[in-house]
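To start, the structure itself, in structure tokens.
Residue numbers (our numbering): 587 to 946.
This is the structure:
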């Protein structure tokens with residue numbers, strides 16, 4: 587008698603064949619477009635016409651770490667530079683959860699409503715483990731992202747410290763050349779290390795929430811000292827009274843700081859980005875600031891100092907890039923890593939040997 591074969595309850599049954607999850611024609615179109623890269627001249631022409639697609643593609647080239655793109659990047663920057671420096675640059679920072687993205691949408695929407703062209707450069711922190719970044723700020727700016735007079739560009743911070751991305755400065759130049767008269771830079775927002783953005787903006791706005799610190803927190807040096815205005819966000823619902831109290835405390839703290847070289851006295855105000863209240867007051871503060879610094883010529887002096895600073899930063903970045911892309915250094919670096927890991931050589935000696943080999 588033939589024994590019946592028993593099948594396990596966990597055995598897989600043949601299912602319904604799944605359709606292709608992508609369109610072959612769409613895939614071919616993407617591949618073709620990737621092969622056809624626009625020239626520097628095409629991108630420059632598009633940028634000067636205010637074409638957002640050309641602007642986005644040019645920023646992607648500028649952000650590239652491929653040495654083969656260096657010449658193209660230089661051509662784009664050189665052509666855009668005469669059309670730049672005609673905007674106001676506003677840096678916005680604050681700890682995670684303070685509502686930076688919601689505030690920027692409310693603020694940016696208000697600016698476009700009064701005739702401004704706004705470019706928002708957001709910087710997301712990169713993971714030190716996976717090196718990835720979410721770049722999800724656009725999802726929080728549903729209204730602004732659809733505004734014809736607005737442009738939003740997220741970027742990953744990478745290994746750059748100070749709350750900005752590696753190519754934020756160059757991106758500002760491209761956005762200005764494209765006709766955007768108000769540049770907003772949202773930093774990573776990790777606390778008192780958000781200093782690099784101060785060296786590339788004209789106005790530095792610090793977002794706070796009630797209950798995040800008292801006068802002692804306020805008088806800490808660093809980011810508080812650089813702020814041109816402190817805005818207590820989320821002043822709505824049950825938080826209105828708390829926000830007013832926080833405003834009073836920060837006003838007291840600011841009086842302990844030395845006078846700014848700009849002649850400006852930092853101001854504290856409250857707002858609700860969610861309810862879109864107090865936004866016009868913030869713009870009035872910013873407008874008053876620019877009226878003052880342009881009249882006393884501090885605005886021009888700061889722009890000159892920023893240009894010199896970024897020249898030095900570019901030198902540092904280029905030296906670092908050349909060092910790590912040098913074929914001989916790449917080989918010696920791996921050898922020295924192993925030597926240091928096995929305690930056969932000190933980290934300091936290994937570094938000196940690598941630098942000596944590079945500068946020969």
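Using N, Cα and C, we set each Cβ at its ideal position, and we do this for glycine too. These numbers come from a predicted model, not from an experiment.
The residue among 764, 943, 884, 676 with its C-alpha nearest the C-alpha of residue 909 is 943. Scanning its chain for C-beta atoms nearer than 8 angstroms, with the 5 sequence neighbours on each side dropped, one finds around residue 813 the residues 790, 791, 792, 852, in chain order. Residue 772: member of the beta strand (DSSP E) spanning 768-772, first to last residue. Per DSSP, reduced to three states, the secondary structure at residue 839 is helical. It is roughly 10 angstroms from the alpha-carbon of residue 878 to the alpha-carbon of residue 872. With the rule of 3 Cβ pairs closer than 8 angstroms, the segment 759-767 does not count as touching the segment 676-695. Under the Cβ criterion (8 angstroms, minimum of three pairs), the segment 813-823 does not count as touching the segment 699-709. Taking all protein chains in view, the Cβ of residue 648 is crowded by 16 or more other Cβ atoms within 10 Å, so the residue is classified as buried. Here the alpha carbons of residue 651 and residue 737 stand approximately 23 angstroms from one another. DSSP, reduced to helix, strand and coil, places residue 876 within a helical segment of the structure shown. It is roughly 47 angstroms from the alpha-carbon of residue 685 to the alpha-carbon of residue 918. Residue pairing by DSSP puts residue 677 in a beta bridge opposite 771, 790. When the alpha-carbon of residue 786 is set against those of 854, 842, 860, 892, the nearest one is in 892. Shown here for residue 888: same chain residues with a beta carbon closer than 8 angstroms to its own, the five before and five after excluded, namely 788, 848, 879 in chain order.
Within 10 angstroms of the beta-carbon of residue 883 lie fewer than 16 other beta-carbons, which makes it exposed.
Closest option to residue 842, judged by alpha-carbon separation, among 784, 829, 811, 854: 811. A Cβ-Cβ separation of about 18 angstroms leaves residue 730 out of contact with residue 773 under the 8 angstroms criterion. In this structure residue 644 touches residue 633 by the C-beta definition: roughly 6 angstroms separates them, less than 8 angstroms. Sixteen is the threshold: since fewer than 16 other Cβ atoms of the shown chains lie within 10 Å of the Cβ of residue 734, the residue is exposed. Pairing residue 936 with residue 927 gives a Cβ-Cβ distance that is not under 8 angstroms.
In terms of Cβ geometry, residue 794 and residue 836 form a close pair [threshold 8 angstroms]. Following the DSSP letters along the chain, one finds residue 818 in no alpha helix (DSSP H) but inside the beta strand (DSSP E) bounded by residues 815-819. Following the DSSP letters along the chain, one finds residue 698 inside the alpha helix (DSSP H) bounded by residues 686-699.
As the crow flies, the alpha-carbon of residue 783 is around 24 angstroms from that of residue 833.
The C-alpha of residue 630 lies about 7 angstroms from the C-alpha of residue 665. When the alpha-carbon of residue 656 is set against those of 705, 756, 670, the nearest one is in 756. Contact between residue 676 and residue 769 is confirmed by a C-beta separation of about 7 angstroms, below the 8 angstroms threshold. Its chain contains 858, 860, 861, 863 as the residues whose beta carbon lies nearer than 8 angstroms to that of residue 822, once the 5 sequence neighbours on both sides are disregarded; these appear in chain order.
Taken through DSSP and simplified to helix, strand or coil, residue 651 comes out as coil. Minimum Cα-Cα distance from residue 831 among the listed residues 921, 855, 727 corresponds to 855. Looking at the DSSP output, residue 855 bridges to 817. A Cβ-Cβ distance of about 14 angstroms is found for the pair residue 707 and residue 646, leaving them out of contact under the 8 angstroms criterion.
Residue 739 is bridged by DSSP to 707. For the 8 angstroms CB-CB criterion, residue 653 and residue 912 do not form a contact. Residue 875 and residue 900 have their C-alpha atoms some 29 angstroms from each other.
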